[in-house]
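Count along the sequence shown from 1, add 18, and you get the number used in our numbering. Yeah, the Cβ is synthetic: ideal placement off N, Cα and C, and Gly gets one too. This report refers to the structure that appears directly beneath it.
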Amino acid sequence: MRDAMVDLPWQSVHAANHQRQYLALLSYLPLKGYRKMWMFSRHVRAIRRQLAGTPGLIGYSLRAKLFRHRFWTLSVWEDDTALTAFVGHEPHRTTMGALGPHMDATAFVRWDVMGSDVPLSWDEAMRRSAAESGRGAP
């Protein structure tokens, strides 16, 4: 039970064109401890509201190992421009500054994906993370 994963189901924001290529992003967000879980949760709720209206986002999912305070996001974007715009807008921009000091080393993996592969599989995303890091997935 201590390593139980909790996955938020895939949230589609815009329809993917099955013939088109998109940008996939896996982010690993490890909190240093439990004391900032409430703050983290508040920021996640705000960012989920932001995601709902974000241009260029195809969809996303969240994964958590709550007892180990480890979190992942998995998302698909039209392109790097859309992703960069999201990261630079509120509340995401403020969240990075607020949570940064309370995070261990974060990790980000990007790859190209066809629209026909959306929604993405957590198993595939974690395999890609492990392959990129040269060791097991975080």
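Going by beta carbon distance, what residues of the same chain come within less than 6 Å of residue i, once the five residues before and after it are set aside?
{"i": "Ser30", "result": "Gly77"}
{"i": "Val127", "result": "Leu44, Arg146, Ser147 and Glu150"}
{"i": "Met55", "result": "none"}
Residues in the same chain with beta-carbon distance under 8 Å from residue i, minus the five sequence neighbours each way, listed in chain order, please.
{"i": "Gly133", "result": "Ala34, Asn35, His36, Gln37, Arg38, Gln39, Tyr40 and Ile76"}
{"i": "Asp97", "result": "Tyr40, Leu41 and Gly74"}
Rounded to a whole number of angstroms, what is the C-alpha to C-alpha distance between residue i and residue j?
{"i": "Glu142", "j": "Arg53", "result": "31 Å"}
{"i": "Gly51", "j": "Trp90", "result": "16 Å"}
{"i": "Leu138", "j": "Ala82", "result": "16 Å"}
{"i": "Ala100", "j": "Thr112", "result": "18 Å"}
{"i": "Val24", "j": "Leu47", "result": "14 Å"}
{"i": "Arg66", "j": "Ser59", "result": "11 Å"}
{"i": "Gln68", "j": "Ala149", "result": "31 Å"}
{"i": "Arg86", "j": "Trp140", "result": "18 Å"}
{"i": "Ala123", "j": "Trp28", "result": "25 Å"}
{"i": "Gly115", "j": "His61", "result": "11 Å"}
{"i": "Ala70", "j": "Leu26", "result": "15 Å"}
{"i": "Met121", "j": "Thr72", "result": "25 Å"}
Based on Cα-Cα distance, which residue from the options lies nearest to residue i?
{"i": "Glu108", "options": "Phe126, Glu96 and Arg63", "result": "Arg63"}
{"i": "Ser147", "options": "Leu138, Ala125 and Leu117", "result": "Ala125"}
{"i": "Leu117", "options": "His87, Met57 and Thr102", "result": "Met57"}
{"i": "Val131", "options": "Leu26, Leu44, Gln68 and Pro119", "result": "Leu44"}
{"i": "Pro119", "options": "Gln68, Leu26, His110 and Leu49", "result": "Leu49"}
{"i": "Ala22", "options": "Met55, Met121, Met144 and Arg88", "result": "Arg88"}
Taking all protein chains shown into account, decide if residue i is buried (16 or more other Cβ within 10 angstroms of its Cβ) or exposed.
{"i": "Val136", "result": "buried"}
{"i": "Val94", "result": "buried"}
{"i": "Val105", "result": "exposed"}
{"i": "Leu80", "result": "buried"}
{"i": "Thr102", "result": "exposed"}
{"i": "Gly154", "result": "Low local confidence applies: a pLDDT of 49 at Gly154 is under 50, so the model's placement there is unreliable, and no value is given."}
{"i": "Ile92", "result": "Position check: residue 92 holds Leu in this sequence, whereas Ile was assumed. Buried is the call here."}
Kindly list the residues whose CB is nearer than 7 Å to the CB of residue i, restricted to its own chain and excluding five residues on each side of it in sequence; keep chain order.
{"i": "Trp129", "result": "Ala42 and Arg146"}
{"i": "His32", "result": "Leu75 and Ile76"}
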